[in-house]
Amino acid sequence: MTSQLTFRGRIQEAFTAGVPVAIETATRSRYQRRLAAAAAFPEMEATRDRARDIRSEALRNLDAYLGQFVDVTTERGGVVFFAADAAEANEYITELANAENVRRVVKVKSMVTEEIRLNTALEHAGVEVVETDLGEFIVQLAGETPSHIISPVLHKNRYDVAELFAAELGVEYTDDPAELNDIARKHLRERFLNADMGISGVNFAVAEDGAIALVTNEGNGRLSTTAPRVHVAVMGMERIVPTRADLAVLLEVLARSATGQKLSVYSNIVSGPRRAHEPDGPDQLHVVIVDNGRSATLGSSVAEILLCIRCGACLDACPVYRHVGGHAYGSVYPGPIGKVVTPSLFGLEEWHDLPAASSLCGACQDACPVRIDIPRLLVDLREQTVGHASRSIRTGLAAYSRLATRPRLFRLATRAVALFGRLWSQDGWLRRLPFLLPAWTRRREVPAPATQTFNDWWRKRGA
Ligand code: SF4
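The sequence shown maps to residues 5 to 467 in the working numbering.
Now the structure itself:
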């Protein structure tokens with residue numbers, strides 16, 4: 005995963021292109037729906053605590069739970085493969101596709117397959133890949149990448165989709181949502197019936213009985229995992245939970261936090277391939293468990309991020325995400341979660357600017373159903389990225405550190421800055437900061453400094 009531009013460059017690009025209004029509207033409305041769903045569920049806070057405990061227990065004993073899951077899945081006729089990285093996962097799946105003479109794959113929306121760029125690997129191997137989640141289908145048709153982890157097509161409105169369908173599917177233009185849905189359904193139905201392999205992600209895998217839980221709102225998960233003769237489930241290695249009872253708790257917070265629903269419309273539980281007495285289901289089930297940097301994250305100071313259940317609530321709550329949209333992050337994981345996951349999985353060296361893209365307002369932590377302290381993790385990553393800061397930032401920080409450790413000089417400097425600020429201000433506001441700081445006032449005004457510095461006020465108060 006590489007990024008050609010810095011975060012700042014991608015934001016400039018996003019603003020130049022015009023960040024779609026749909027992002028702000030959709031995130032705000034879903035944020036409100038989540039609040040309403042939580043208010044209507046008196047046990048919400050206790051369930052969040054329980055969900056966090058379950059995820060923490062799973063991470064504490066990850067080896068044991070993964071081992072238990074592998075044993076049960078194998079007993080039931082499934083095959084489990086551990087992939088150390090994206091290349092190993094893609095190689096296993098493409099080789100399997102070749103061995104099984106797979107010509108077409110239907111896919112259910114899955115963040116981990118986006119992360120490892122599985123579609124590209126399969127297409128290079130000559131396999132047709134069809135995304136079956138409506139949002140992913142639209143994004144694939146447009147040749148774009150998802151902009152939100154729950155709603156991949158959040159950046160488009162129905163008129164964009166109408167034009168896309170008319171151009172790419174050769175249908176008559178319509179911007180009626182029901183008709184657009186119908187067009188997609190008809191197009192996909194035929195693909196489901198003629199697919200040789202179904203690929204899904206895994207919302208949660210249950211250690212005690214090898215169950216794989218997959219939640220969707222469109223029913224495409226059920227079709228993709230039962231109609232084709234081979235089902236491949238790809239999961240990040242942290243997506244394990246100990247028991248079915250634990251799964252029930254997590255599904256309760258996942259649906260409410262993701263979409264404000266009590267429960268997602270389809271909660272599919274897959275346990276092994278089709279048995280002899282069962283009328284349908286795949287002949288083969290392969291579970292690919294992907295590490296791809298997760299073990300290293302587990303041993304790091306930001307291991308808490310592995311508690312994440314990919315609900316997307318932190319994106320909807322984040323003022324930065326609402327203003328810049330998902331593509332500005334340059335990663336498959338945007339928003340607050342992405343600012344921690346992306347540098348952790350793909351390297352701080354390349355992604356050092358993401359942890360800085362936050363005001364640390366804490367809205368993400370408030371929204372997170374498993375109470376991940378994202379601001380703390382961002383501060384931690386920022387500490388690790390000081391060496392990557394630009395020369396002007398490093399010079400500024402060094403100068404500040406000299407000043408802040410010399411009280412008399414610090415007092416003089418703050419008085420001088422306050423005086424200068426007042427002289428520079430108009431009607432109590434600084435409209436354009438000088439020297440290296442004009443970016444601060446490009447889109448906002450700064451209040452003029454107080455007539456008395458904090459230091460002077462404190463000394464006077466003490467006296
Ligand atoms: S960090 Fe929390 S709020 Fe954000 S996607 Fe993960 S679980 Fe959801």
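From the three backbone atoms N, C-alpha and C, an ideal C-beta is built for every residue, glycine too.
Being a predicted model, the structure only gives us computed values, none of them experimental.
Assuming residue i and residue j form a contact by the criterion Cβ under 8 Å, report the distance between their Cβ atoms to the nearest whole angstrom.
i      : j      : result
PRO323 : CYS365 : 7 Å
SER275 : ALA215 : 5 Å
ILE58  : VAL253 : 6 Å
ILE313 : VAL383 : No, ILE313 and VAL383 are not in contact; Cβ-Cβ is about 23 Å, not under 8 Å.
LEU416 : GLY425 : That pair is no contact at about 15 Å.
PRO156 : GLY130 : Rounded, the Cβ-Cβ distance is 25 Å, inconsistent with contact.
VAL238 : MET201 : Their Cβ separation, rounded to whole angstroms, is 12 Å, which puts VAL238 and MET201 out of contact at 8 Å.
Going straight from the alpha carbon of residue i to that of residue j, what length do you get?
i      : j      : result
LEU70  : PRO359 : 31 Å
ILE378 : LEU319 : 12 Å
GLY223 : TYR270 : 6 Å
ASN105 : LEU197 : 16 Å
GLN388 : ARG446 : 29 Å
PHE19  : TYR333 : 13 Å
GLY400 : PRO442 : 15 Å
ASP137 : SER394 : 41 Å
THR6   : ARG14  : Reliability of the predicted coordinates at THR6 is poor, the pLDDT of 47 falling under 50, and no value is obtained from them.
LEU413 : ASP431 : 29 Å
ASP371 : VAL336 : A small fix is needed here, since residue 371 is Ala in this sequence, not Asp. For ALA371 and VAL336, the distance between alpha carbons rounds to 21 Å.
ARG56  : VAL257 : 10 Å
HIS281 : GLN288 : 15 Å
Go through its chain and collect everything with a Cβ distance to residue i's Cβ below 6 Å, but skip five positions before and after it.
i      : result
TRP462 : none
PHE2   : Absent from the structure is residue 2, since the part of the chain shown begins at 5 and ends at 467.
PRO338 : GLY330
ILE273 : ALA215, ALA217
TRP355 : THR346, PRO347
Return the first residue and the last residue of the beta strand (DSSP E) that residue i is part of.
i      : result
TYR69  : It is not in any beta strand (DSSP E) - TYR69 instead sits in the alpha helix (DSSP H) that spans 66 to 79.
GLY466 : Looking at the DSSP string, GLY466 is not in any beta strand (DSSP E); the run it does join, the alpha helix (DSSP H), is 458 to 466.
THR346 : Here THR346 belongs to no beta strand (DSSP E); instead the alpha helix (DSSP H) covers 339 to 350.
THR220 : 216 to 220
GLU135 : 132 to 135
HIS290 : 288 to 294
SER305 : Looking at the DSSP string, SER305 is not in any beta strand (DSSP E), and its letter there is neither H nor E.
GLY400 : Where GLY400 is concerned, there is no enclosing beta strand (DSSP E), although the alpha helix (DSSP H) it sits in stretches over 395 to 408.
Go through its chain and collect everything with a Cβ distance to residue i's Cβ below 7 Å, but skip five positions before and after it.
i      : result
LEU310 : LEU63, GLU242, ARG298, THR301, LEU302
VAL133 : VAL109, LYS111, ASN123, LEU126, GLU127
LEU168 : ILE142, LEU145, ALA146
PHE73  : ALA209, ALA211, GLY214, ILE244
Could you please give the first and the last residue of the uninterrupted alpha helix (DSSP H) stretch that includes residue i?
i      : result
SER33  : 25 to 43
HIS235 : HIS235 -> not in any alpha helix (DSSP H); beta strand (DSSP E) instead, spanning 234 to 240.
TYR333 : Segment: none, TYR333 is in no alpha helix (DSSP H) and carries neither H nor E.
ARG108 : Unbroken run through ARG108 is the beta strand (DSSP E), 108 to 111; no alpha helix (DSSP H).
Output yes if chain B places a C-beta closer than 7 Å to the C-beta of residue i; else output no.
i      : result
VAL133 : No chain B is present in this structure, which holds just one protein chain.
The segment 316 to 330 touching the segment 115 to 122, judged by at least three CB pairs closer than 8 Å: Per the Cβ contact rule, the segment 316 to 330 is not in contact with the segment 115 to 122 (fewer than 3 Cβ pairs under 8 Å).
Segment contact flag, the segment 228 to 246 with the segment 192 to 205, C-beta cutoff 8 Å, min 3 pairs: yes
Stretch pair the segment 256 to 268 + the segment 25 to 43: three plus CB contacts closer than 8 Å: yes
contact_flag[the segment 151 to 171, the segment 15 to 30] where n(CB pairs < 8 Å) is 3 or more: yes
Given 8 Å, three or more beta-carbon pairs between the segment 141 to 150 and the segment 166 to 173: yes
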